[in-house]
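Residue numbers (the working numbering): 601 to 914.
Yeah, the Cβ is synthetic: ideal placement off N, Cα and C, and Gly gets one too.
Everything below concerns the one structure shown next.
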Amino acid sequence: MDWLNGFLADTETLLQVGFVQSAIIAAALLGLVAGVITPLVVMRRMSFTVHGTSELALMGASAALLTGFSVGGGAIVGSVLAAVVLALLGMRGGQDTIVGVVLSFGMGLSVLFIHLYPGRTTTAFSLLTGQIVGLSSASVWLLAGVAALVIAVVALFWRPLLFASADPVLAAASGINVRAMSVLFAVLIGLTAAQGVQIVGALLIISLVITPGAAAAYVTASPMKAVALSVLFAETAAVGGVLLSLAPGMPVSVFVTTISFTIYLVCRFIGWYRGRTATRDDVSANRWALPRDGVLPATAAAAGADCAGRHPAP
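If you want it as structure tokens, here you go:
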């Protein structure tokens, strides 16, 4: 038990440090905003797009690091531009191919910018794996502003976003501007991915933007409950990862991804246990979004009926 007492004592001591407190606040904000959008990401099957956007956030962040500008601001510019480009080009099909092409080019530029950076290698490497030491109060305020903006936009456009995610063809027939919703959601993903670069790194932000929503899909059929569970899961992984990383001095991303993956396994087991005694139709009715089966038809129908009334076709 000596190691546990030492672990708790070291953690308690480090919690008194200013940058650690800033990191916990930043992790809580990141978990909140990631949890809000991850169910829609899973519903739209945009896992690879999220990965590509986060890697291009690295391009913007490394360019800002090289030129002496704000890393957070550079990540936002890079990820938002990339998200919009991917959304517009992906409208015509071949989304995975487009993401792969743009991703490889962006990663090549990132390697170049990091290679040219004259400062410490660890500073540049932290953009890949995350590092809480570099978080400033300005970064926390920026993250708070971005989180408030993303949550406000999702709340304002929740029904058309849900409808366009569940059944874009029916949504378009009902008068929803599917292209605008796709671009808007791409921007939200870009903003979220950009803010995660400094905490969990560009390589592992997917663990907060994908895994919580995928886990929630196994235990609830309600989109609103899925959002609540996703926020809970993302907060647990983000804040818990920061707390567990303090005493051993390891990268935050190690613990964030481990916690997130553990939650996913537990939820998947719960879904399997429920489905063991149910028929295949019952299992389909109790899952609103799975990468294999798509979106729960009842959810799409309910969203469509409501949005069709709000947005009648011309």
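Kindly confirm or deny that the stretch 608-624 and the stretch 762-771 touch, where touching means at least three C-beta pairs closer than 8 Å. Verdict: no, contact absent.
Is Gly801 helix, strand or coil by DSSP? In this structure, Gly801 counts as coil in the three-state DSSP scheme.
Whole angstroms is fine: what's the gap from Leu689's alpha carbon to Gln798's? One alpha carbon belongs to Leu689, the other to Gln798, and they sit about 28 Å apart.
Hey, which unbroken runs of the alpha helix (DSSP H) at 4 residues or more fall wholly within the stretch 734-818? Counting only runs of 4 or more, we get 737-756, 758-766, 768-773, 778-796, 806-809 and 811-816.
For Val750 and Val633, believed in contact at Cβ under 8 Å, the rounded distance: Val750 and Val633 do touch by the CB rule: their CB atoms are close to 5 Å apart, below 8 Å.
Between the C-alpha atoms of Arg892 and His715, what's the straight-line distance to the nearest angstrom? In this prediction, Arg892 scores a pLDDT of 45, lower than 50, which makes its location untrustworthy; no coordinate-derived value is stated.
According to the Cβ coordinates, are Leu804 and Ser853 closer than 8 Å? Contact annotation: Leu804 and Ser853 have beta-carbon atoms nearer than 8 Å.
Comparing C-alpha positions only, which one of Arg644, Phe713, Val617 and Ala657 sits nearest to Val702? If you compare the alpha carbons of Arg644, Phe713, Val617 and Ala657 with that of Val702, the shortest gap goes to Ala657.
Could you have a look at Pro639 and say whether DSSP puts it in helix, strand or coil? It is helical.
With a CB to CB cut of under 8 Å and the five nearest residues on each side skipped, what residues in its chain are close to Leu784? Correct list, in chain order: Val753, Phe757 and Leu761.
Ile870: buried (16+ other C-beta within 10 angstroms of its C-beta) or exposed? Ile870 sits exposed, since fewer than 16 C-beta atoms from the chains shown fall within 10 Å of its C-beta.
I'd like to know whether the C-beta atoms of Gly635 and Val800 end up nearer to each other than 8 Å. No, these two residues do not count as a Cβ contact at 8 Å.
Can you name the start and end residues of the alpha helix (DSSP H) that Met601 belongs to? Looking at the DSSP string, Met601 is not in any alpha helix (DSSP H), and its letter there is neither H nor E.
Spatial neighbours of Lys825 within its chain, please: CB distance less than 7 Å, with the 5 preceding and 5 following residues excluded, ordered by chain position. Closer than 7 Å at the Cβ level, and outside the excluded window around Lys825, lies no residue.
Kindly indicate which residue of Phe833, Ala794 and Tyr873 has the alpha-carbon position closest to the one of Thr862. The candidate whose alpha carbon is nearest that of Thr862 is Phe833.
Ends of the alpha helix (DSSP H) at Val823? Per the sequence shown, the amino acid found at residue 823 is Pro instead of Val. From DSSP, the alpha helix (DSSP H) with Pro823 extends over Pro823 to Leu846.
Could you tell me whether the stretch 639-646 touches the stretch 660-669, using the rule of 3 or more Cβ pairs below 8 Å? When Cβ pairs closer than 8 Å are counted between the two stretches, the stretch 639-646 is seen not to touch the stretch 660-669, the count staying below three.
Could you have a look at Leu615 and say whether DSSP puts it in helix, strand or coil? Here Leu615 sits in coil by DSSP.
Do Val746 and Gln795 have their beta-carbon atoms positioned less than 8 Å apart in this structure? Using a Cβ distance threshold of 8 Å, Gln795 and Val746 count as a contacting pair.
Would you mind working out which of Gly674, Leu865 and Ser679 sits nearest Gly813, comparing C-alpha positions? When only C-alpha atoms are compared, the closest one is Leu865.
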